[in-house]
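What follows is a set of notes on a single structure, which appears directly below.
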Amino acid sequence: MGALAHFLEAEGIATTQISLIREHTEKIRPPRALWVPFDLGRPLGVPDDPDFQTKVLVSALELLGAQSGPVLADFLEEAPAREDDSDAAQEAWSCPISFSDPEQAETDLEKQVFALGREMTELMPWYDKRRKEQNRTAVANFKPNAAADLLSDYLLDRSPKPDDPEMTLAVAIRLAVQDLKTFYYEAASYQPGAAPPTSQEFTRWFWTQTAAGHLIRSVSEKCKTEADKSLQMTGKAFLVPMGW
Amino acid sequence: MARLENLAEPMRSHIADLPCPQFDHTPWVDVPELANQRIALISTAGLHRRGDRPFGGMDGDFRVIDGTSQAEDLVMTHISTNFDRTGFQQDWNVVFPIDRLRQLADENRIGSVANFHYSFMGAADPSKMAPSAKNLAGLLKGDNVDAALLIPV
Numbered sequence: 023m024g025a026l027a028h029f030l031e032a033e034g035i036a037t038t039q040i041s042l043i044r045e046h047t048e049k050i051r052p053p054r055a056l057w058v059p060f061d062l063g064r065p066l067g068v069p070d071d072p073d074f075q076t077k078v079l080v081s082a083l084e085l086l087g088a089q090s091g092p093v094l095a096d097f098l099e100e101a102p103a104r105e106d107d108s109d110a111a112q113e114a115w116s117c118p119i120s121f122s123d124p125e126q127a128e129t130d131l132e133k134q135v136f137a138l139g140r141e142m143t144e145l146m147p148w149y150d151k152r153r154k155e156q157n158r159t160a161v162a163n164f165k166p167n168a169a170a171d172l173l174s175d176y177l178l179d180r181s182p183k184p185d186d187p188e189m190t191l192a193v194a195i196r197l198a199v200q201d202l203k204t205f206y207y208e209a210a211s212y213q214p215g216a217a218p219p220t221s222q223e224f225t226r227w228f229w230t231q232t233a234a235g236h237l238i239r240s241v242s243e244k245c246k247t248e249a250d251k252s253l254q255m256t257g258k259a260f261l262v263p264m265g266w
Numbered sequence: 039m040a041r042l043e044n045l046a047e048p049m050r051s052h053i054a055d056l057p058c059p060q061f062d063h064t065p066w067v068d069v070p071e072l073a074n075q076r077i078a079l080i081s082t083a084g085l086h087r088r089g090d091r092p093f094g095g096m097d098g099d100f101r102v103i104d105g106t107s108q109a110e111d112l113v114m115t116h117i118s119t120n121f122d123r124t125g126f127q128q129d130w131n132v133v134f135p136i137d138r139l140r141q142l143a144d145e146n147r148i149g150s151v152a153n154f155h156y157s158f159m160g161a162a163d164p165s166k167m168a169p170s171a172k173n174l175a176g177l178l179k180g181d182n183v184d185a186a187l188l189i190p191v
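Okay, structure coming up:
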């Protein structure tokens, strides 16, 4: 990010930026930067809080008034948290669609594929309702069932083929995994009678309690055994987050 | 929180060990008062319009985002799986604060919002972004942009 600021400013475009990792910005020394203490993935702090987002945005833009640089300022206000953000509350969040008992993880690949289909059928009404009411989905390239089909076909050696002939299998698998996770978040966030999960709640649930998380781990392991370097790299780094 | 010391391993070491490019000096462009500036957003979240090419690897190219885009139009195909996406799935402004920027223009706190905005995929090697940035600077000047707000993910 900071390098891009150097390149653009050198070409005559003034820049200001948000910094998520202060240590990086200290080394790169872009012209103007506002360090913020928020989670990676949330540079404006928190969703659905226009006032807070505006405060962050204005703080970054006001650095354009500096007379000289480089300027590295700190935004020290933490992002507003949900009222009860305790570990206990986070542990309490659940989404009652898990047929798979994590203590009895299914090992047979066909059973994993079947469990995924069953799980998605349960989630689909909430996903559909959310999409209709919010007029938006962040599912990008693969509709939920197409994502599941591609990953299942790969796992079962059924010649998976992305619709786009220019898309490699490695890219298709990565994008299908992203879209499947997005489907799960959007559906789970619309389950009746429960607040949307926090990022931490969703991550824990997805990777420890869902058939989808289990199947993606299997896809990841299979990718690692491939001769194709891009599939190997995808399996190693781009499907399952570090630490999960 | 994104304080390096608060990240769990192995993420903390991964981030801490990422190579950072070094520059001999920091360039500087003077700008008019904020209330008179035309602002563009440049994200490194791997954003693009639905239907545009997804980010497929570590290339340093960018995607053009029409300033009239709505939340439903924008998707994310960043290569990393190690940052939160649920914020973006809930509200695009937490990554791409275009509604907030439009609001500032309506209140005359900035001059105007650019017609076009842009996104890179931030995991790309910065040296691969350099030629793209040169092209991008030309596009920004063509849109009469005074300043760009760069937003990581």
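So the protein lines, in turn, are chains A and B.
Quick note on numbering: the first sequence equals residues 23 to 266 in the numbering used here.
Quick note on numbering: the second sequence equals residues 39 to 191 in the numbering used here.
All C-beta atoms in this analysis are idealised placements derived from N, C-alpha and C, irrespective of residue type, glycine included.
| Query | Result |
| --- | --- |
| Put Leu56(B) into one of helix, strand or coil per three-state DSSP. | coil |
| Taking CB distances under 8 Å as the criterion, tell me whether Arg64(A) reaches chain B. | yes |
| Can you list, in chain order, the residues of its chain with a C-beta nearer than 7 Å to that of Pro124(A)? Leave out the 5 residues immediately preceding and following it. | The predicted position of Pro124(A) is uncertain, since its pLDDT is 49 and thus under 50; no value can be drawn from it. |
| What does the Cβ neighbour count give for Ala46(B), buried or exposed, with the cut at 16 atoms within 10 Å? | exposed |
| Ordered along the chain, which non-local residues of its own chain (more than five positions away) have a Cβ less than 8 Å from that of Leu237(A)? | Gln134, Val135, Ala137, Leu138, Leu173, Ser174 and Leu177 |
| List the residues of chain B that Arg51(A) touches, going by C-beta distances under 8 Å, in chain order. | Phe61 and Thr64 |
| Going by C-alpha to C-alpha distance, which of Gly34(A), Gly24(A) and Ala27(A) sits closest to Lys179(B)? | Gly34(A) |
| Quick one: residues in its chain with C-beta nearer than 6 Å to the C-beta of Ala216(A), no 5 flanking neighbours on either side, listed in chain order? | none |
| Contact criterion: CB-CB distance below 8 Å. Does Ile103(B) meet it with respect to chain A? | no |
| Classify Ala73(B) as buried or exposed, calling it buried when 16 or more other Cβ atoms lie within 10 Å of its own Cβ. | exposed |
| Contact criterion: CB-CB distance below 8 Å. Does Ile136(B) meet it with respect to chain A? | no |
| What is the DSSP secondary structure of Leu83(A), counted as helix, strand or coil? | helix |
| Can you have a look at Trp266(A) and say buried or exposed, based on whether 16 or more other CB atoms are within 10 angstroms of its CB? | exposed |
| Any beta carbon from chain B within less than 8 Å of Leu149(A)'s own beta carbon? | This sequence places Tyr at residue 149(A); Leu is not what is there. No - not a single Cβ of chain B is within 8 Å of the one on Tyr149(A). |
| Under 7 Å between beta-carbons, which chain B residues line up against Thr37(A)? List them in chain order, please. | Ala185, Ala186 and Leu188 |
| Does chain A have any CB closer than 8 Å to the CB of Ala109(B)? | yes |
| Tell me, to the nearest whole angstrom, how far the beta carbon of Ile117(B) is from that of Ala168(B); I am working on the premise that it is less than 8 Å. | About 19 Å separates the two Cβ atoms, so there is no contact after all. |
| Taking the C-alpha atoms as reference points, what is the distance between Lys251(A) and Ala234(A)? | 25 Å |
| In or out: Gly84(B) buried (at least 16 other Cβ within 10 Å) or exposed? | buried |
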